[in-house]
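**Student:** Counted the way mature numbering (1 follows the signal peptide of the UniProt record, and there is no 0) counts, the sequence shown spans residues -25 to -1, 1 to 153.
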Amino acid sequence: MSRIELSRIWLLALLLAAPVTAAQAIDLPTRKPGLWELKMQGSGSGQNVAIQHCTDETIDKKMNAAVQPLATESCSTPAIQKTATGYVNDSVCKVAGMTTTSHAEITGDFNSAYTVKVTSRNENPLPGVPKETATTLEAKWLGPCKDGQRPGDIVMPGGIKMNIADMDKLKALLPKAK
């Protein structure tokens, strides 16, 4: 698997880990500072992926601020709503000529563990992109960050390490909305 493919998988995990919307009326709580394990599995990813992310309040807010312009540019109907069990987000996004309608449910808490379940339907999918996907992200707090880690550090499959400060480089991997 190439570094670009891993970066795209990581970016999807990041989007699921810190869902934001352009018209977000509700601010999601920030995650408990420390080391989080994020396990993503689903029909759309083609594989199961696990990453570790060292975070703090500042990094979580920076992630939301960095991802929000992507939603603003690409999504026409995003809205996070508080529910009895967590949060729900429905959106319609257009990227690279493909329209994706998604429904995400976030349950759990941001101190020990939470789950994000996303179902999506792609209209006019690009070659190799399935028409329907179901993806689950399970996030679990592991404890304090490891020695030598700083907030924002991410360890991806294959031991590839990066820091959230590189978000601008990751955004460049995504196709521009038309």
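We put the CB at the ideal spot given by N, CA and C, even for glycine. All figures in this text were calculated on a predicted structure; none of them were measured in a lab.
What is the DSSP secondary structure of N23, counted as helix, strand or coil?
**Tutor:** coil
**Student:** For a test of the three-state rule: what should DSSP assign to N99, helix, strand or coil?
**Tutor:** coil
**Student:** Under DSSP, the beta strand (DSSP E) around I129 begins and ends at which residues?
**Tutor:** D128 to V130
**Student:** Check whether the Cβ atoms of R96 and T76 sit closer than 8 Å, and answer yes or no.
**Tutor:** With contacts defined by Cβ atoms closer than 8 Å, R96 and T76 form a contacting pair.
**Student:** Could you tell me the alpha carbon to alpha carbon distance between V63 and I34, rounded to whole angstroms?
**Tutor:** 23 Å
**Student:** Since D65 sits in a beta bridge, which residues does DSSP pair it with?
**Tutor:** A54 and H78
**Student:** For V(-6), name the three-state secondary structure that DSSP assigns.
**Tutor:** Bear in mind that a pLDDT of 39 at V(-6), under 50, signals an unreliable position, so the model cannot answer this.
**Student:** Should C29 and D128 be called a contact, given that it needs their Cβ atoms to be closer than 8 Å?
**Tutor:** yes
**Student:** Leaving out the 5 sequence neighbours to the left and right, which residues in its chain are closer than 7 Å to R6 when beta-carbon positions are compared?
**Tutor:** T30, D35 and F85
**Student:** Using DSSP bridges, identify the partner residues of M73.
**Tutor:** V70
**Student:** With N86 as the anchor, note down where its beta strand (DSSP E) starts and where it stops.
**Tutor:** Taken as a continuous stretch (DSSP letters only), N86 belongs to no beta strand (DSSP E), as it is neither H nor E.
**Student:** If you run the structure through DSSP and keep just helix, strand and coil, what is A114?
**Tutor:** Strand.
**Student:** Within this structure, are the beta carbons of G61 and I81 separated by less than 8 Å?
**Tutor:** Yes, the Cβ-Cβ distance between G61 and I81 is below 8 Å.
**Student:** Taking the alpha carbon of K57 as the reference point, which residue from C50, S51 and D65 has its own alpha carbon closest?
**Tutor:** D65
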